[in-house]
Every structure is written in structure tokens, then in C-alpha cells.
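This report concerns only the one structure given below.
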Amino acid sequence: MTIAFKPNESFRPPFAYSNSDAGILRFPFPFPSDAYMYSVNLEPHVRGGPTEAFSAVFDVDEHYIAECRERDLVLRQDPKRCLVLPHMMSAQWDTVELIMESLAADYPDLFSLERDGDRWTWTNRPLQIHNQFIFGEADTLPRPPFEYITRQAQGDFTLQDQRDGDLFMDGGMVTTQADWSLAFDLGMSFHEWHGPVPLAHEAGVFDRALQYLLRLQHGKPVRRLNWTLTVNPRLDTSPENYPNWGPDKTSVTAENVGEKLHVRVELQTLFRLPRSNAILFGIRAYLASFSEVVRVPKWGRRLHRVMRDLPPELVAYKGFTRYYTTAVDYLSRCDDGAPTTLGIAPESDLREA
Amino acid sequence: MTVQAMLNPTPLKLRVRAIETLTPSLKRLSLASADGKALPPAPPGSHLTLALPLDSGRTRSYSIVSPADERDAYSLIVRHAQRSRGGSAYIHHRLAVGDLVESAVPTSQFSLHSLARKHLLIGGGIGLTPLISFLHELRSRSRSFELHQICRPDEADAFRHILEPFAGPDIYLYTGRAGLDLQAIMGRQPLGSHLYACGPEPLMAAVEAAATNVGWPANALHQESFGASGGAPFIVRLARSGRDVAVGEDETLLEALEAAGANPPALCRGGACGECITGVVDGVPDHRDHFLSGNEKASGRWVMPCVSRAKTDLLTLDL
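Protein chains in written order, with my numbering: chain Y, 14 to 366; chain B, 19 to 337.
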């Protein structure tokens, strides 16, 4: 597999970000039907899905190098975006093992792992990293194990410890988040860190999801999609940096909405880790501008219908209020009223840009 | 695009590398990766589900006693059960070095508590096996623990041999229950200790009784249990077509429906998402899901075929 990386992309002003045509077609569009509501939309994380983004354990795409550099920039400003509690050391090594083995198996041209007992050699060609280390001995790596490997993967990761019939967010690498803070949530239980979500608690969504995740089995990862909208191609929309991105919401106009507003999809994956019995939660964010998304006719129609019919509580919770009408007006021009088929596969070529 | 397992191609293919006779009724097996590729790590407390060539077609699960970092082979210790339904008898009398066997990826429902100040392990007989995988983890991480293990007098040498790699002042071996004063042992542990017990029913009952007497916190008492994926076979009748489908001991209702070509929608396959909810026309469901409310379960009007089964020999569904 050859990936044409775009190493000079920027997720902060001056922005420089776009998806290639192939990048648009592999986008994990989040709506399988024309209406959206919270549900426990978990399914087995198996290879082969409606778009190419579902083809690897940890998806690597054309934005890989630029996203890893963006992560480094965030960590330089705010090292506390990566926090792991002391009792999670075996979960750190579990994560190293899972990510290294998966990347090396899925992308042999880009990554390689050689193991000689506990002496491991890791090579990351896109980032030009080459390290020999002793598996299980943290001081043989240049950084703590979890930070070391999650700096080399796209998307955020959290570690959930399982004890006393609950899950606790006891670690994470969170630099590309949709307005939540690891430093604030660290140590919280499953219901505590989901506290702010509207409507879903009453529907029992979190009770059921927790019971399901407590029984998550090693070797049988699961996934779900989540979504929001982001103004400008920003990955770091954190509470810590709200002054940087909050004002962006006032900048959306009828003229620039197609380029400014991005559908942000999180391909969330959950893995039971073997040694620690913890759960690794991957939150892989994909960004595509409205003008890119609507080049798939089915997605343009559906995005309009979902946004138009979104419950007011969700419009407020997701922070769309300021530009909601502008967004729906833009999308209405991409919806000819034709029926759509169930599922997220694009089912056609792209419209001309 | 075809759908296939993301992590490990299953089933795992294993080759019997060594068989060691520990006592007339205990054998230790080493099962190596048949193709030489690294096996998935075996979680502490995990079991290996083997597909042995038995007439019943049933699988058998045995605790793994090798450490998670051992990736070229899994080790098991198997007791020849007196009432063997075929599995342990096959392993003891027919399985030979070089044989190929298939297994699922090892999974665990019995794990160490990450914040325990001290770990207290209590084992009876072959119940030692999941505790051995804990010993690897506790020793390699220099964690505070005690193991109290009971065995039959005639097997004392074998158990001493099994425990030899872990030998130390925190390992106690008893020949028979008499020497083991559970209440005294539990009573002297520091606050924040967690207890893990695995053994025959009378020992488990004694542990529970001692826990009650000393006021041991319920959340700090862990007992080995296997998942309830299977159960007694039953017949499911599809009301709309009148067809009958047999549901075997080791398959789920959903798998049986799918094998018969009836494909109800399904997503999580773990009783959480609600996607496969199916109406019940007749018969009593054995609910094992987390989706239906208590009242909904009591009504008997719906069933989640991905995890639930039947309490009656016949379950008629609105399919």
C-alpha cells in the first residue's frame, strides 16, 4: 500500500488541510440513515467495512505525518495532555504491543517490528524512528511507553481500568479532542465522565454500554462512530485552548460555510488489553469540509436531512447554535429530495469539485 | 470486501509440543504456534478453548498457566476428570506430541485488581491453574501476595514441583483442608487486600463463609467463573414459516438462526445494543442480556438471541 503523505498540512492558523479524492471516498461518514439519535451503536471491529477507513486495526492515511507533528506541538505547549496513573504500567506495555504489532502487520512497508524474546526493534519509516528496547523496561525507551507509541498513531487514546464492576479513565493521550479534558476526567468512572451528555442517560444508553464493555473480550475489539462539526480543520478543540477556537464559531458565513465547516467523525475502537485487563479506547478523528462531503451525492442529501432534523438539545450540546441556520441552508442546496439507501457506503463517484 | 477478524485469524492453530505427566491424573501440555508466528498474549486468569476431535463436537476450556509474555506456546495443566465427558480423557489417553489442535483466542473473566494493596490467592486442587498465571504477573511486578493451596496428600510432590518456580515464604501448600484456617488468614490481611479463590465447591463455600465472618468486603472477593455462553440445547420454532431449528449446547440462539438462514439484524452480539430484539410467541426465554428492563424480561414477550437462550425445550419466535 502506498500512501502519498501530506507532511506540510497544518491544523492551526494558517490552516492547510484538504482530502484527496480518494481521501474523501474513504471518509467514515457517520450516518447510516437520514435520522440521527444516540444509540449503543457498537459493532465488532472487523476488517472490511463500508469505506477503506475500516481496513486496518489502526487506520493510517495521508494525514499521518502532519497529525503526528500536530500532536507534538500540543504536547510541547501542554505536557499534561498525556497522563497515565501509576497502576497502569502494564496497560502501557499492552498498548505498545498492540499498536506496534498491528501497524507492522497492516502496513509492512511503513512499520516493522522485530522481536527477539523481550528485545524488540521498532522501525517507523514515515517518522524516521528506529529504537531498540527491552519490552517491560520503561527506561529503555526514550519516553514512557504509552506516550512513546501514541505519539506515533493518529487519534487520541484513553486507558480504562476495570475494577469493582466499573471502568475508570486512568490514563490517556488526548490532543485532538472535541471539547473534553483528560486532566479533568482522569480517574472518573464511566458514568461520571459521560455526565454532561444529554438525553442518552435517560435512555439507559450508558448503563447498557457499560455492561457490554465490562464483558469486552481480548481479541474481539469493537468500534462505533461518533460525530460533531468543527469550524476550520482544527484537531485540538480542547477546553484548555477554548480561547483559540471558540471565536471561530462567529466566523461562519453563507459565503465560506462550505470550506469552513467540517464534519468531524470519530472512529472509536475498544480493545481489551491482555496483561492489565484494561480497555484501550481509540478515538480516531477524521475531518472533511462540507464542500468535500457533499461531493458524494448520497452524503450531501443525508447530511442535510440529519442536520435539519437534529433535536434542539443536540444542537446546543454539540455547540452548533451560532451557525446552525447557515449550515442547514447550505446543505439544503445539496438535497434534491431523492431517496437514499441505508448504510454509509458512498455508492457513486465524486461530483466535480 | 470480505469481513474478517481484525487482530488474529481464528481459530488459532496449535501443535502439541510436549506432554509431561505430573501425576497419574495430571498432565502438563505445551501447545506451540503451528506456523511459528507469535500467539496472542494469554491474559492472566485466561482459559484456552480447544476444539478437540470429540464425537459431541463440543469445545473444552482449560486455564493457561504460562505467562502473558510467552508468545510461542501456551501451557495447560489438565486433570483427568473422573466424570470426564470426553475432553480430559482424550487429552490424557489419545493426544500425542505433534498433534494439531485448534483453539479460540484466550480470554479472561478473572483478573487481578489493579489497586489492591495485597493479593490473597486461595486454591483447591486443579483450581491452582488460573492462580499460577497470577503468580507470574505478581512475581514479575514484585507485588505483595500470599498463595494458600490445598492438594491431596498423594499429589503433594507434584504440586510442590508445579510451584517450584515461584517458591518463597508467601507460598503455602496444605495436604487437605485441616491445616488451612481461612478465617485466621483472611483476618490478618491488611485493609485493601483482594482475595481470589478457585477450587471445588466446598472450598468456595468455606471461603464465602469466612469472608462473611471476618467482614471481608464483597468487592474484594473474586471467584473464578466461566462465561455463560452455552447451556442446554433447545429447539427454536420460527412462527411465520413453521420451521424448527436446533440450538446446540455451545452455540448461541443467534448463531443457530443464522446457520439456518434466518438472519435477524444484529450488531454488538453481546446483549447490549438491542438490535437483535425478537418477539417471543411461545415458550420461556432464559434472559442473559443487559438491554431489556426487568419488567420486559418478566413479560417474556421479547428475547435477545445473541446471548439469551430458552428455559423451555421449545421457544417459538416471531420470525
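The beta-carbon is built from N, C-alpha and C at its ideal position, and this holds for glycine as well.
Item                                                                                                                       : Value
Chain B contact residues for Leu-55(Y), given Cβ-Cβ distances below 9 Å                                                    : Leu-285, Cys-286, Gly-288, Ala-290 and Cys-291
DSSP three-state assignment for Asp-129(Y), whether helix, strand or coil                                                  : strand
Partner residues on chain B for Tyr-225(Y), Cβ-Cβ distance less than 8 Å                                                   : Cys-286, Gly-288, Gly-289, Ala-290, Cys-291 and His-308
Range covered by the beta strand (DSSP E) that runs through Thr-241(Y)                                                     : 235–244
Residue range of the beta strand (DSSP E) that includes Asn-257(Y)                                                         : Run containing Asn-257(Y): none in the beta strand (DSSP E); it sits in the alpha helix (DSSP H), 255–258.
The beta strand (DSSP E) enclosing Arg-285(Y), as first and last residue numbers                                           : 274–285
Proximity winner among Ile-203(B), Val-321(B) and Gln-100(B), relative to Lys-136(B) (alpha-carbon distances)              : Ile-203(B)
Contacts of Arg-228(Y) in chain B (Cβ-Cβ under 7 Å)                                                                        : Gly-288
Limits of the beta strand (DSSP E) - the one that Asn-144(Y) falls within                                                  : 142–147
Bounding residues of the alpha helix (DSSP H) (the contiguous stretch that carries Thr-339(Y))                             : 337–345
CB contact below 8 Å: Asn-239(Y) versus chain B                                                                            : no
Any chain B beta carbon closer than 8 Å to Ala-222(Y)                                                                      : yes
Chain Y contact residues for Ala-86(B), given Cβ-Cβ distances below 7 Å                                                    : Pro-287 and Arg-288
In DSSP terms, what Leu-180(Y) is bridged to                                                                               : Gln-175(Y)
Segment contact, 8 Å Cβ cut-off, at least three pairs: the stretch 230–237 of chain Y with the stretch 111–129 of chain B  : yes
Any C-beta of chain B under 8 Å from that of Asp-177(Y)                                                                    : yes
Member of Ala-291(Y), Pro-359(Y) and Ser-302(Y) whose CA lies at the smallest distance from the CA of Met-102(Y)           : Ala-291(Y)
Rounded separation between Val-309(Y) and Glu-155(B) - CA only                                                             : 52 Å
Endpoints, the beta strand (DSSP E) within which Tyr-77(Y) is located                                                      : Premise fails: Tyr-77(Y) lies in the alpha helix (DSSP H), 77–90, not in any beta strand (DSSP E).
Three-state secondary structure assigned by DSSP to Met-322(B)                                                             : coil
Closest by C-alpha distance to Ala-134(B), when choosing among Gln-145(Y), Leu-111(Y), Arg-176(Y) and Phe-146(Y)           : Arg-176(Y)
Classification of Ala-280(B) by the beta-carbon crowding that lies within 10 angstroms, buried from 16 upward              : buried
Local Cβ density within 10 Å of Gln-145(Y), reported as buried at 16 or more and exposed below that                        : exposed
Beta-carbon gap between Gly-194(B) and Pro-171(B) smaller than 8 Å                                                         : yes
Neighbourhood of Met-19(B) by C-beta distance below 6 Å, restricted to the same chain and skipping five residues each side : Confidence is the limiting factor: at Met-19(B) the pLDDT is only 32, short of 50, which leaves the residue's position unreliable, though a coordinate-based value still follows. Within the same chain, Met-19(B) has no close Cβ partners at all.
Thr-67(B) beta carbon less than 8 Å from that of Ser-51(B)                                                                 : no
Secondary structure of Met-113(Y), DSSP reduced to three states                                                            : helix
Through-space distance from Ala-236(B) to Asp-175(B), alpha-carbon basis                                                   : 34 Å
Where His-58(Y) falls, given that 16 or more other Cβ within 10 Å makes a residue buried                                   : buried
Helix, strand or coil at Asn-281(B) according to DSSP, with G and I counted as helix                                       : coil
DSSP-derived helix/strand/coil call for Phe-24(Y)                                                                          : coil
Where Tyr-255(Y) falls, given that 16 or more other Cβ within 10 Å makes a residue buried                                  : exposed
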